[in-house]
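Chemist: Residues 846 to 1278 in the working numbering are what the sequence shown spells out, letter by letter.
Glycine included, every Cβ here is placed at the ideal spot set by N, Cα and C.
As the structure is a prediction and not an experimental result, all values here were calculated from the model.
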Amino acid sequence: PPRGPPPGKVAKPAYVEEEEDTGIEEEFDLDVGGAITPPRPSRGGAKRQQLPAPAPKKARAAAPRAAAQATPRAEVPAGEVGGVKWLTISAESAFVQAGLPDLAPAVWQDPGLQDLLSSAQHILAALDVDISTVTFSHDTEWKDHPDIGEAIKATGGEELCFCVVECPEMAMWAVGVANSWKKREQAARLALCVAVAANLSDFEKLAAEQPEFTAFCESVGVSTGSNLPPFSPAVSAVATADDDAAPVKSRAKGPSADGGGRGLAQATPAAEAPLAAGHRDRPFWINLLAGEEAIPDALESMAPEAVVLTTLGTGRKGLYGKAEAALAALVEDPAADIVYHDDPNWELFPTVGNAVKAITGTEECQTVAVCVSLNVWAVGVGMKGKNRFMAAKAALATAIALQNVETGTEVNYEEFSSLQEVVEEAAEARLEV
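1) Mind checking G1225: buried by the 16 CB within 10 Å criterion, or exposed?
2) Between W953 and A1040, how many whole angstroms is the CB-CB distance? I'm expecting something under 8 Å.
3) Look at the alpha carbon of V1153 and the alpha carbon of S963, and state the distance between them as a whole number of angstroms.
4) Hey, D1188 and F1194 are a contact pair by Cβ (cut 8 Å); roughly how many whole angstroms apart?
5) Could you say if the region 1137–1156 and the region 1194–1211 meet the contact criterion of at least three C-beta pairs nearer than 8 Å?
6) Per the DSSP calculation, A1246 is bridged to which residue(s)?
7) Is the beta carbon of G928 sitting closer than 8 Å to the one on D955?
8) Report all residues from its chain with a CB closer than 8 Å to the CB of V941; omit the five preceding and five following residues, and keep chain order.
9) Could you check what DSSP says for M1235 in three-state terms: helix, strand or coil?
10) For a test of the three-state rule: what should DSSP assign to N1257, helix, strand or coil?
11) Hey, how far is the Cα of F1129 from the Cα of K998?
12) What's the gap between the Cα of F1007 and the Cα of A1240?
13) What is the DSSP secondary structure of E1030, reduced to helix, strand or coil?
14) Which class does K930 belong to by DSSP, given the choice of helix, strand or coil?
15) Residues in the same chain with beta-carbon distance under 8 Å from E1277, minus the five sequence neighbours each way, listed in chain order, please.
16) When DSSP labels each residue in this structure, what does C1038 get in the three-state scheme?
17) State buried or exposed for D992, treating a residue as buried only when at least 16 other CB atoms are found within 10 Å of its CB.
18) Taking the DSSP output, what are the residues bridged to E980?
19) Look at E1030 and G1021 and say whether their C-beta atoms are less than 8 Å apart.
20) For G994 and L932, I'd like the C-alpha separation in whole angstroms.
21) The alpha helix (DSSP H) spanning C1062 covers which residue range?
22) Name, in chain order, the residues that DSSP records as bridge partners for M1017.
23) Please state whether DSSP places F1048 in a helix, a strand or coil.
24) CA-CA distance, K1167 and F1261?
25) Would you call V1184 buried or exposed, if buried means 16 or more other Cβ atoms sit within 10 Å of its Cβ?
26) Contact check, E1270 vs R1127 under 8 Å by CB: the rounded distance?
27) If I follow the unbroken alpha helix (DSSP H) through N1199, where does it start and stop?
28) Buried or exposed: A1190, going by 16 or more other Cβ atoms within 10 Å of its Cβ?
29) Please state whether DSSP places P950 in a helix, a strand or coil.
30) Should S1025 go down as buried or exposed, given a rule of 16 or more other Cβ atoms within 10 Å for buried?
31) State the Cα-Cα distance for the pair A1060 and L1037, rounded to the nearest angstrom.
32) Count the C-beta pairs between the region 975–986 and the region 1045–1052 that are closer than 8 Å, then say yes if the count reaches three, no if not.
33) For E1057, is the classification buried or exposed, using 16 other Cβ atoms within 10 angstroms of its Cβ as the cut-off for buried?
34) Use the C-beta contact count for G1099: other C-beta atoms within 10 angstroms, 16 or more gives buried, fewer gives exposed.
35) With 16 as the cutoff for other CB atoms within 10 Å, does P950 come out buried or exposed?
36) Taking the alpha-carbon positions, what's the Y1258 to L1264 distance?
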């Protein structure tokens, strides 16, 4: 066969067009000639609704279907993994002729993937995708890209509306499938994330920042080399990320028994999950004097104890949704007085990470919130950046409100009933320490 780019590289198109902001990532194993080797087949399927629009004409189906049969890729999955299918298009396709690969991932909108779908923009940023070079093309009737529509049908997909996302700068394309315009674009962004991630040579950084997405990539056939718990659409096994960073397996060194080591890639076994689950969205306390490790410089002038909240982002939404407003009511100038230290790999506060792990039995990303003016600090724990930031704000609001109660300062809970409930729980938990 003719020689092409070396493995791990994708041929770039001869042109680059300016495009709209978007974000999506994906991973592929490349074969010689710039072709992408699809993952192994797997079982699974996403729920779909029948598209009310007319189906594509059969005349259009002939060429793509014949091309797919002629392509020597017997391993292309007939089903989908975690809402993903891998599509193969003809070498005569406009995409391939423009220098794009003939294989690309398609993501179906699925409630089980909502956390990842919502975090796709952040994941794209973590993958260094310039969203200004990305464009979206919605094909609701399979008229603009009939070959892609036929590729979807060839994998067993139904005739739903789809959106094609292109990133010429990285020579990538992907597909999002859903009847809703917004959901199509979300799915397309996540599909692009998978496409980009499939070409990564080192997942250490991505695993640290986006562990849930990294586990998702592994589940759809992209080899990441990480040791994260398997991705679970129903209950996030590495919950996350990120939203944003999401989350986030670890590229850099992350949490371990001594605060260093290989980090989140060596996540706590599933057997410890029930212990962690018992503390989800419920305040508990840590005391840095209980251990023998040095207290971090940023906390040296603070009280040694702090409130901790861990979350997957699915519980006590009333509390987390109003945490920032509660801080604004409790602190005179939150922007100047409160500092947030995001520490996903325990590089800044290993002592805090180990103190939390001693109680929950798990190693998860953390954000430490410090209010110097009130001598109060707190910890938010979660694999997704957005979740742990919300948890840190809620934990700090809880600690400050409790301090006011103890000093006789009135706290107005009229707009923050959820906070009052957590403050009472924190007061009880403090007595148990």
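Modeler: If we stick to the structure as given:
1) Within the sequence shown, residue 1225 is the residue found at index 380, counting from 1. By the 10 Å Cβ count, G1225 comes out buried.
2) Residue 953 sits at position 108 when you count from the first residue of the sequence shown. Residue 1040 sits at position 195 when you count from the first residue of the sequence shown. About 15 Å separates the two Cβ atoms, so there is no contact after all.
3) For the purposes of this step, residue 1153 is identified with residue 308 of the sequence shown, where counting begins at 1. For the purposes of this step, residue 963 is identified with residue 118 of the sequence shown, where counting begins at 1. A direct Cα-Cα distance of roughly 25 Å separates V1153 from S963.
4) Residue 1188 sits at position 343 when you count from the first residue of the sequence shown. Residue 1194 sits at position 349 when you count from the first residue of the sequence shown. With a Cβ gap of about 5 Å, D1188 and F1194 count as contacting.
5) Contact check between the region 1137–1156 and the region 1194–1211: three or more CB pairs, one atom from each, fall below 8 Å, which counts as touching.
6) The residue you call residue 1246 lines up with position 401 of the sequence shown. In the DSSP output, where bridge partners are listed per residue, A1246 has none listed.
7) The residue you call residue 928 lines up with position 83 of the sequence shown. The residue you call residue 955 lines up with position 110 of the sequence shown. Yes; because the gap between Cβ atoms is below 8 Å, this pair is in contact.
8) Walking along the sequence shown from the start, residue 941 turns up at place 96. Cβ neighbours of V941 beyond the five flanking positions: I934, S935 and D947.
9) Translated into the one-based positions of the sequence shown, residue 1235 becomes position 390. In the three-state scheme derived from DSSP, where H, G and I count as helix and E and B as strand, M1235 is classed as helix.
10) Numbered from its first residue, the sequence shown carries residue 1257 at position 412. Reduced to three states, the DSSP call for N1257 is coil.
11) Within the sequence shown, the letter at position 284 stands for residue 1129. Within the sequence shown, the letter at position 153 stands for residue 998. It is roughly 51 Å from the alpha-carbon of F1129 to the alpha-carbon of K998.
12) Taking the sequence shown and counting its residues from 1, one reaches residue 1007 at position 162. Taking the sequence shown and counting its residues from 1, one reaches residue 1240 at position 395. Spanning the two alpha carbons is a distance of roughly 42 Å.
13) In the sequence shown, residue 1030 corresponds to position 185, counting from 1. Three-state DSSP puts E1030 in a helix.
14) Within the sequence shown, residue 930 is the residue found at index 85, counting from 1. Looking at K930 - three-state DSSP - the assignment turns out to be strand.
15) Your numbering for residue 1277 matches position 432 in the sequence shown. Cβ neighbours of E1277 beyond the five flanking positions: none.
16) The residue given as residue 1038 occupies position 193 in the sequence shown. C1038 falls in the helix class under three-state DSSP.
17) As a working note, residue 992 is residue 147 in the sequence shown. D992 sits buried, since 16 or more C-beta atoms from the chains shown fall within 10 Å of its C-beta.
18) Numbered from 1 along the sequence shown, position 135 holds the residue referred to as residue 980. One point to set straight first is that residue 980 is Thr, not Glu, in the sequence displayed. Partner(s): E1011.
19) The residue given as residue 1030 occupies position 185 in the sequence shown. The residue given as residue 1021 occupies position 176 in the sequence shown. One thing to note: E1030 has its Cβ within 8 Å of the Cβ of G1021.
20) Position 149 of the sequence shown, counting from 1, holds the residue named residue 994. Position 87 of the sequence shown, counting from 1, holds the residue named residue 932. Their Cα atoms are separated by approximately 10 Å.
21) Taking the sequence shown and counting its residues from 1, the one referred to as residue 1062 is at position 217. Note, C1062: alpha helix (DSSP H), P1056 to S1064.
22) The residue you call residue 1017 lines up with position 172 of the sequence shown. C1012, per the DSSP bridge assignment.
23) The residue given as residue 1048 occupies position 203 in the sequence shown. Note: F1048 maps to coil in three-state DSSP.
24) Looking up residue 1167 in the sequence shown gives position 322. Looking up residue 1261 in the sequence shown gives position 416. It is roughly 7 Å from the alpha-carbon of K1167 to the alpha-carbon of F1261.
25) Locating residue 1184 in the sequence shown gives position 339, where the first residue counts as 1. Burial state of V1184 is exposed, judged by a 10 Å Cβ sphere holding fewer than 16 other Cβ atoms.
26) Residue mapping note: residue 1270 aligns to position 425 of the sequence shown, counting from 1. Residue mapping note: residue 1127 aligns to position 282 of the sequence shown, counting from 1. So it is a contact: roughly 6 Å between Cβ atoms.
27) For this step, residue 1199 is matched to residue 354 along the sequence shown. Taken as a continuous stretch (DSSP letters only), the alpha helix (DSSP H) holding N1199 covers P1195 to T1205.
28) Taking the sequence shown and counting its residues from 1, one reaches residue 1190 at position 345. Note that residue 1190 corresponds to Asn in the displayed sequence, not to Ala. Looking at its Cβ environment, which holds 16 or more other Cβ atoms inside 10 Å, N1190 is buried.
29) Counted from its first residue, the sequence shown places residue 950 at position 105. Strand at P950.
30) As a position in the sequence shown, residue 1025 is number 180, starting the count at 1. Flag for S1025 reads exposed.
31) Here residue 1060 is taken as the residue at index 215 of the sequence shown, counted from 1. Here residue 1037 is taken as the residue at index 192 of the sequence shown, counted from 1. Looking at the two C-alpha atoms, the distance is approximately 16 Å.
32) Result no; under three Cβ-Cβ pairs closer than 8 Å.
33) For the purposes of this step, residue 1057 is identified with residue 212 of the sequence shown, where counting begins at 1. Buried, by the Cβ-count rule.
34) The residue labelled residue 1099 in the question sits at position 254 within the sequence shown. Because the pLDDT of G1099 is 43, which lies under 50, any placement of that residue in the model is unreliable, and the number read from its coordinates should be weighed accordingly. Answer is buried; the Cβ neighbour count reaches 16.
35) Stepping through the sequence shown from its first residue, residue 950 is reached at position 105. Buried, by the Cβ-count rule.
36) Reading the sequence shown from its first residue, position 413 is the one you call residue 1258. Reading the sequence shown from its first residue, position 419 is the one you call residue 1264. Going from the Cα of Y1258 to the Cα of L1264 covers about 7 Å.
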